[in-house]
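At position 12 of the sequence shown (counting the first as 1) the number is 54 in our numbering, and the numbers step up by one without a gap. Ideal Cβ placement from N, Cα and C applies to all residues, glycine included. All of these numbers come straight from a predicted model, not from anything done at the bench.
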Amino acid sequence: MRYLLIISLLLSCLVAKTQSLDDYYKIAAENNPGLKSRYKEFEASLQKIPQVKTLPDPTLSVSAFGQMTQTRVGQQMARFSLSQMFPWFGTLKAQGDMMALMAEAKYQEFLDVRNQLYYQVSAAYYPLYELHEWIDIEKENIQILESYKSIANIKFQNGKGTMVDVLRVDLMLKDATTSLNILNQKKKPFETRFNNLLNRNETEPIVISDTLVIPEIVADYRRDSLLVNNPLLTEMDLKIKASEASEKVAIKQGMPMLGVGFEYIIVAPRTDANVPQNGQDAYMPMLTMSLPIFRSKYRAAQREAQLMRESFGLKKQDLENRLTSNYEMTLFELRKQNDLIQLYNDQILESQQSLNLLFTAYGNSGKDFEEVLRMQQQLLQYRKMKAAALTEIHIALTEIDYITAKTY
43 MRYLLIISLL LSCLVAKTQS LDDYYKIAAE NNPGLKSRYK EFEASLQKIP QVKTLPDPTL
103 SVSAFGQMTQ TRVGQQMARF SLSQMFPWFG TLKAQGDMMA LMAEAKYQEF LDVRNQLYYQ
163 VSAAYYPLYE LHEWIDIEKE NIQILESYKS IANIKFQNGK GTMVDVLRVD LMLKDATTSL
223 NILNQKKKPF ETRFNNLLNR NETEPIVISD TLVIPEIVAD YRRDSLLVNN PLLTEMDLKI
283 KASEASEKVA IKQGMPMLGV GFEYIIVAPR TDANVPQNGQ DAYMPMLTMS LPIFRSKYRA
343 AQREAQLMRE SFGLKKQDLE NRLTSNYEMT LFELRKQNDL IQLYNDQILE SQQSLNLLFT
403 AYGNSGKDFE EVLRMQQQLL QYRKMKAAAL TEIHIALTEI DYITAKTY
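Next up, the structure:
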């Protein structure tokens with residue numbers, strides 16, 4: 043049993059190490075309750091189709107006479123009537139087409155919510171990478187400062203440095219230790235947010251990539267997909283078609299409904315006389331028709347459908363404008379962060395070179411230790427800013443993927 047437990051733990055670790063962001067997308071799509079709720083809404087909308095395509099229920103009426111009606115062939119004992127109404131030709135099909143279009147619009151809404159979920163997962167994943175990078179940078183900074191403190195102590199003991207240098211490093215060490223503690227405390231809310239999106243235990247381990255590749259930003263990245271196959275735009279198109287079908291339904295409902303029926307009367311035979319057809323039951327076929335003479339409600343239903351079609355058309359135009367604006371703003375952010383990364387790379391290289399020179403000069407003279415510390419902190423900040431920019435660029439890429447409805 044012990045060995046089985048060890049093997050299972052090793053396998054779970056192996057699976058965890060192989061998890062990627064795409065794997066987390068899949069887990070979120072399968073488990074997120076908000077997304078599952080939207081899919082249930084789509085399934086519920088499908089159930090409306092058979093409701094509107096079915097004939098109205100037939101009507102059966104039974105009446106027994108309290109005071110028997112006497113006829114020539116006998117007393118009427120009971121009457122049975124069965125009738126069925128039929129909507130105007132094509133009404134049921136039009137209603138079914140309308141609800142099918144609305145159900146498909148619900149599915150497109152579900153697809154957009156799924157794409158939003160993918161973006162939210164990415165927006166929670168990449169800050170975790172940034173946080174891990176900052177923690178590693180801060181740990182490295184503490185190690186460097188501790189080595190600086192040792193060197194400053196040695197310099198002071200040898201008379202080549204001052205106690206102020208030791209105290210100055212000590213202050214910076216306390217700042218760095220506090221920053222590291224805060225960063226470690228920050229992990230829990232970040233991990234909780236991420237695991238909640240996946241609808242799993244808050245303490246579930248999260249595998250974060252060690253490195254993020256700086257992508258090549260091409261001109262007009264995915265612009266050709268901006269207004270193509272976007273679920274939100276497709277949803278508006280389907281709602282426009284559904285409103286057209288709704289207008290047809292309103293026209294059909296303004297036509298007469300036809301009904302057929304059958305009536306059967308039970309007659310008791312006469313005992314006081316013998317007449318032809320004595321006690322013979324009576325039956326009678328019936329034909330009925332509704333008279334839709336109050337036209338205002340039907341005209342209002344048609345006008346309502348027309349106005350909704352115009353509304354959906356305007357919403358689609360507004361959506362296209364917002365998608366285009368969001369694309370341009372996000373593309374600008376993408377290019378800005380890419381430029382910043384290049385800048386930070388240059389600054390990190392130059393700062394490291396300057397730090398090496400300053401540290402060498404300090405080793406020889408024991409002076410300008412404050413400049414060494416300042417350059418070390420500047421290098422630290424550039425490395426942190428690069429990690430933040432790298433995070434932002436990947437979030438921006440994911441946002442563009444959402445705006446352009448990229449499929450995974």
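Please confirm whether residue i and residue j have their CB atoms less than 8 Å apart.
{"i": "R351", "j": "S285", "result": "yes"}
{"i": "G301", "j": "M326", "result": "no"}
{"i": "R264", "j": "I442", "result": "yes"}
{"i": "L239", "j": "N74", "result": "yes"}
{"i": "E151", "j": "E246", "result": "no"}
{"i": "Q348", "j": "I293", "result": "no"}
{"i": "L280", "j": "A147", "result": "yes"}
{"i": "A145", "j": "L88", "result": "yes"}
{"i": "A166", "j": "R235", "result": "yes"}
{"i": "Q61", "j": "V249", "result": "yes"}
{"i": "F128", "j": "L97", "result": "yes"}
{"i": "M214", "j": "L421", "result": "no"}
{"i": "L222", "j": "K181", "result": "yes"}
{"i": "V115", "j": "N320", "result": "yes"}
{"i": "L365", "j": "L269", "result": "yes"}
{"i": "D212", "j": "K197", "result": "no"}
{"i": "Y32", "j": "Y450", "result": "The shown model of the chain, from 43 to 450, leaves out residue 32, and the question about it has no answer."}
{"i": "L376", "j": "I259", "result": "yes"}
{"i": "M371", "j": "P334", "result": "no"}
{"i": "S396", "j": "M427", "result": "no"}
{"i": "V309", "j": "Q117", "result": "yes"}
Just the C-alpha distance for residue i and residue j, rounded to the nearest angstrom, thanks.
{"i": "T219", "j": "K228", "result": "14 Å"}
{"i": "L432", "j": "L385", "result": "12 Å"}
{"i": "N157", "j": "A447", "result": "7 Å"}
{"i": "R425", "j": "N195", "result": "28 Å"}
{"i": "E244", "j": "Y160", "result": "19 Å"}
{"i": "Q389", "j": "A261", "result": "26 Å"}
{"i": "A142", "j": "I91", "result": "6 Å"}
{"i": "F401", "j": "I193", "result": "11 Å"}
{"i": "D139", "j": "A287", "result": "7 Å"}
{"i": "K95", "j": "Y149", "result": "20 Å"}
{"i": "M205", "j": "E412", "result": "12 Å"}
{"i": "Q126", "j": "V291", "result": "20 Å"}
{"i": "K358", "j": "I445", "result": "14 Å"}
{"i": "F399", "j": "E392", "result": "First, the residue type needs correcting, since residue 399 is Leu and not Phe in the sequence shown. Spanning the two alpha carbons is a distance of roughly 11 Å."}
{"i": "N226", "j": "T253", "result": "19 Å"}
{"i": "Q162", "j": "V155", "result": "10 Å"}
{"i": "G355", "j": "D217", "result": "58 Å"}
{"i": "M328", "j": "Y306", "result": "11 Å"}
{"i": "L47", "j": "L63", "result": "Reliability fails at L47, whose pLDDT of 34 lies under 50, so the model's placement of it is uncertain and no value is given."}
{"i": "T304", "j": "A324", "result": "The question names Thr, yet the displayed sequence has Phe at residue 304. If I take the Cα positions, the gap works out to 11 Å."}
{"i": "G203", "j": "K409", "result": "7 Å"}
{"i": "M299", "j": "N237", "result": "57 Å"}
{"i": "E346", "j": "F84", "result": "24 Å"}
{"i": "E434", "j": "L209", "result": "37 Å"}
{"i": "D178", "j": "I256", "result": "19 Å"}
{"i": "N200", "j": "A403", "result": "17 Å"}
{"i": "S353", "j": "E362", "result": "14 Å"}
{"i": "D314", "j": "Q322", "result": "16 Å"}
{"i": "G405", "j": "S267", "result": "59 Å"}
{"i": "A71", "j": "N271", "result": "20 Å"}
{"i": "A430", "j": "L134", "result": "58 Å"}
{"i": "Y369", "j": "I282", "result": "25 Å"}
{"i": "N387", "j": "P169", "result": "20 Å"}
{"i": "S189", "j": "S251", "result": "29 Å"}
{"i": "R242", "j": "P231", "result": "14 Å"}
{"i": "S164", "j": "I69", "result": "13 Å"}
If you follow the beta strand (DSSP E) that residue i is in, where does it begin and where does it stop?
{"i": "A315", "result": "It is not in any beta strand (DSSP E) - A315 carries neither H nor E in the DSSP assignment."}
{"i": "M331", "result": "324-331"}
At which residues does the alpha helix (DSSP H) containing residue i begin and terminate?
{"i": "T234", "result": "205-239"}
{"i": "G116", "result": "Element bounds for G116: not the alpha helix (DSSP H) but the beta strand (DSSP E), 116-128."}
{"i": "P75", "result": "75-88"}
{"i": "M278", "result": "273-295"}
{"i": "P169", "result": "133-199"}
{"i": "N406", "result": "338-407"}
{"i": "M427", "result": "411-445"}
Notebook entry, point to check: Is the number of C-beta pairs between the stretch 370-390 and the stretch 164-180 that are closer than 8 Å three or more?
Noted result: no
Margin query: So, does the stretch 119-135 touch the stretch 98-108, judging by three or more C-beta pairs under 8 Å?
Written below: yes
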